[in-house]
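Peer 1: Can you read through this structure? Questions will come right after.
Right, dumping it as structure tokens:
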């Protein structure tokens, strides 16, 4: 039993020293340091309480239970801070400190007057309340954050498992000879196993929770950066880089596709006469029109300024209908249905053809039409391909 006790104390103290040092030298998410201290207090509370003898009864009971209560509330607050659920931290801190102080004072009295049943009720009531709050918090987080469900579940399992392993010894010691606490038996082995589980296992699973959250945030950041790098912020269409990347992915399916290059006629005059805000609204309206024309598999992009690209990848009859629909959408009097006119050039993309070459060909067709005064104002007047 002495060897088991020494092993448990040695491992727990070493792990506690490591996690507290790491948490202070490498601060991470809110609650990181509080959890390190709380878990250490929790484990030490279990071990100090196990050293109870007639000679050390007062210090063992008072110090052990004080560490247990302090560790449990620190762990709860750590998870609350980590999850962002800690409301009015100063008020909560004062309230729990007052409650803990009252309970510790009562524990001291029940130890002096040897009222084990009342002491058991006090400690169990306090720690059970904190434990239920912690379990409820972890369950809520598991429901809200699917990506962190496994890590939260492991933390819950370790906390509950470590606590349950200490119960057989607690039951054994109530009303029995104190010497049983130093005998190599099942309840004592389970107690030390629970202490090691809370110390070593708790350190691992809480670190795992931090690592999963950091990886999730890195993935979200990567996605946001990818969106910013490939989407036009004004119209949310693909930008030039996004179009190039998407074209590379679907190049094999884009053989014999049709590329349409469009720009707004007299766009500089719109900005000069009506302001850039009106110019932006024109671009957004044109982007919306192109979205209604595009079908699944097609690509829509704002490649710069007032220039847009529509890549049609469907069948011959579908592309023909889309081009006809595009003419109808953009036609309508001198100012068009959008309040401005648009010119576009159309070209067919050959198998394996470079996108830049096809865009250059469509650009030449568009400006050739502009030179001849052909704008999209009435159906049937657009450039052929």
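Residue numbers (our numbering): 16 to 400. Ideal Cβ placement from N, Cα and C applies to all residues, glycine included.
1) Is the CB-CB distance between residue 359 and residue 381 below 9 Å?
2) What do you reckon, are the CB atoms on residue 78 and residue 23 nearer than 9 Å?
3) Under 8 Å Cβ to Cβ from residue 395, same chain only, skipping five residues before and after it: list those, please.
4) Contact between the region 140-156 and the region 79-90: three or more CB pairs below 8 Å?
5) Helix, strand or coil for residue 319? Go by DSSP, reduced to three states.
6) Can you list, in chain order, the residues of its chain whose CB lies under 6 Å from that of residue 49, leaving out five sequence neighbours each side?
7) When DSSP labels each residue in this structure, what does residue 355 get in the three-state scheme?
8) Within 10 angstroms of the Cβ of residue 320, are there 16 or more other Cβ atoms? Answer buried if so, exposed if not.
9) Along the alpha helix (DSSP H) that carries residue 277, what are the first and last residues, could you check?
10) Using alpha carbons as the reference points, say which of 246, 265, 264, 250 lies closest to residue 256.
11) Take every Cβ of the region 211-219, pair it with every Cβ of the region 278-292, and state whether three or more of those distances are shorter than 8 Å.
12) When the Cα atoms are used, what is the spatial distance from residue 260 to residue 300?
13) Less than 9 Å separating the beta-carbons of residue 274 and residue 305?
14) Between which residues of its own chain and residue 279 is the CB-CB distance below 8 Å, once the five residues before and five after are set aside?
15) List the DSSP bridge partners of residue 314.
16) Could you tell me which of 36, 230, 292 sits nearest to residue 162, measuring between CA atoms?
17) Does the region 223-243 touch the region 172-189, meaning 3 or more C-beta pairs lie closer than 8 Å?
18) Grouping DSSP H, G and I as helix and E and B as strand, with all else coil, what is residue 32?
19) Which residues does DSSP pair with residue 5 in a beta bridge?
20) Name the DSSP beta bridge partners of residue 363, please?
21) Between the beta-carbon of residue 244 and the beta-carbon of residue 326, is there less than 9 Å?
22) With 16 other CB atoms within 10 Å as the buried threshold, where does residue 379 fall?
23) Quick check on residue 170: does DSSP put it in helix, strand or coil?
24) Considering only the beta carbon of each residue, do residue 60 and residue 80 sit closer than 9 Å?
25) Which stretch, first to last residue, makes up the alpha helix (DSSP H) that contains residue 61?
26) On the CB-based measure, 16 or more other CB atoms within 10 Å of its CB, does residue 337 come out buried or exposed?
27) So residue 205 is in the alpha helix (DSSP H); what residue range does that whole segment cover?
28) How long is the line joining the alpha carbons of residue 207 and residue 19, rounded to whole angstroms?
29) Below 9 Å between beta carbons: does that hold for residue 184 and residue 75?
30) Would you give the residue range spanned by the alpha helix (DSSP H) that residue 299 belongs to?
31) To the nearest angstrom, report how far apart residue 53 and residue 73 are at their CA atoms.
32) Starting from residue 338, trace the alpha helix (DSSP H) in both directions and tell me its first and last residue.
33) To the nearest angstrom, how far is the alpha carbon of residue 383 from that of residue 362?
34) Would you tell me roughly how many angstroms separate the C-alpha atoms of residue 45 and residue 376, rounded to the nearest one?
35) Is it buried or exposed for residue 21, if we count other Cβ within 10 angstroms and need 16 for buried?
36) Cβ of residue 325 versus every heavy atom of the ligand NAD: is any distance shorter than 8 Å?
Peer 2: Taking the definition as stated:
1) Result yes, Cβ atoms of residue 359 and residue 381 sit closer than 9 Å.
2) Not closer than 9 Å, so no.
3) With a pLDDT of only 37 at residue 395, under 50, the local geometry of the prediction cannot be trusted, and no value is derived from it.
4) They touch, by the three-pair rule.
5) Residue state for residue 319 is assigned as strand, using DSSP reduced to three classes.
6) Excluding its 5 nearest sequence neighbours in each direction, residue 49 has C-beta neighbours in its own chain below 6 Å: 89, 92, 93, listed in chain order.
7) It is coil, neither helix nor strand.
8) Residue environment for residue 320: exposed (fewer than 16 other C-beta atoms within 10 angstroms of its C-beta).
9) For residue 277, no alpha helix (DSSP H) encloses it; the enclosing beta strand (DSSP E) starts and ends at 273-279.
10) Closest by alpha carbon: 246.
11) Result no; under three Cβ-Cβ pairs closer than 8 Å.
12) Distance between the alpha carbons of residue 260 and residue 300 is about 25 Å.
13) Judged by beta-carbon spacing, residue 305 lies beyond the 9 Å limit of residue 274, meaning their Cβ atoms are not closer than that value.
14) Residues 285, 297, 298, 301, 321, 355, 356, 357 of the same chain have their beta carbon placed closer than 8 Å to that of residue 279, with the five preceding and five following residues left out of the count.
15) In the DSSP assignment, the residues bridged to residue 314 are 326.
16) If we check each option's Cα against that of residue 162, 230 comes out closest.
17) The answer is no - the region 223-243 does not touch the region 172-189, with fewer than three Cβ pairs under 8 Å.
18) Residue 32 carries a helical assignment under DSSP once its states are collapsed to helix, strand and coil.
19) No statement about residue 5 is possible, as the shown extent of the chain runs from 16 to 400 and does not include it.
20) 273.
21) Not a contact, by the Cβ cut-off of 9 Å.
22) Exposed, by the Cβ-count rule.
23) In the displayed model, residue 170 falls within a helix according to three-state DSSP.
24) Contact: yes.
25) Looking at the DSSP string, the run of the alpha helix (DSSP H) that includes residue 61 is 47-64.
26) Buried, by the Cβ-count rule.
27) Segment 201-211, the alpha helix (DSSP H) holding residue 205.
28) As the crow flies, the alpha-carbon of residue 207 is around 8 Å from that of residue 19.
29) In this structure, residue 184 keeps its C-beta atom at 9 Å or more from the C-beta atom of residue 75.
30) It spans 291-308 - the alpha helix (DSSP H) in which residue 299 sits, taken as one unbroken run.
31) So the two alpha carbons sit approximately 23 Å from each other.
32) That run of the alpha helix (DSSP H) goes 331-345.
33) Rounded to whole angstroms, the separation of the alpha carbons of residue 362 and residue 383 is 13 Å.
34) For the pair residue 45 and residue 376, the Cα-to-Cα distance works out to about 57 Å.
35) By the neighbour-count definition (other C-beta atoms within 10 Å, threshold 16), residue 21 is an exposed residue.
36) Among the components of this structure there are no ligands whatsoever, and the ligand NAD is therefore not found.
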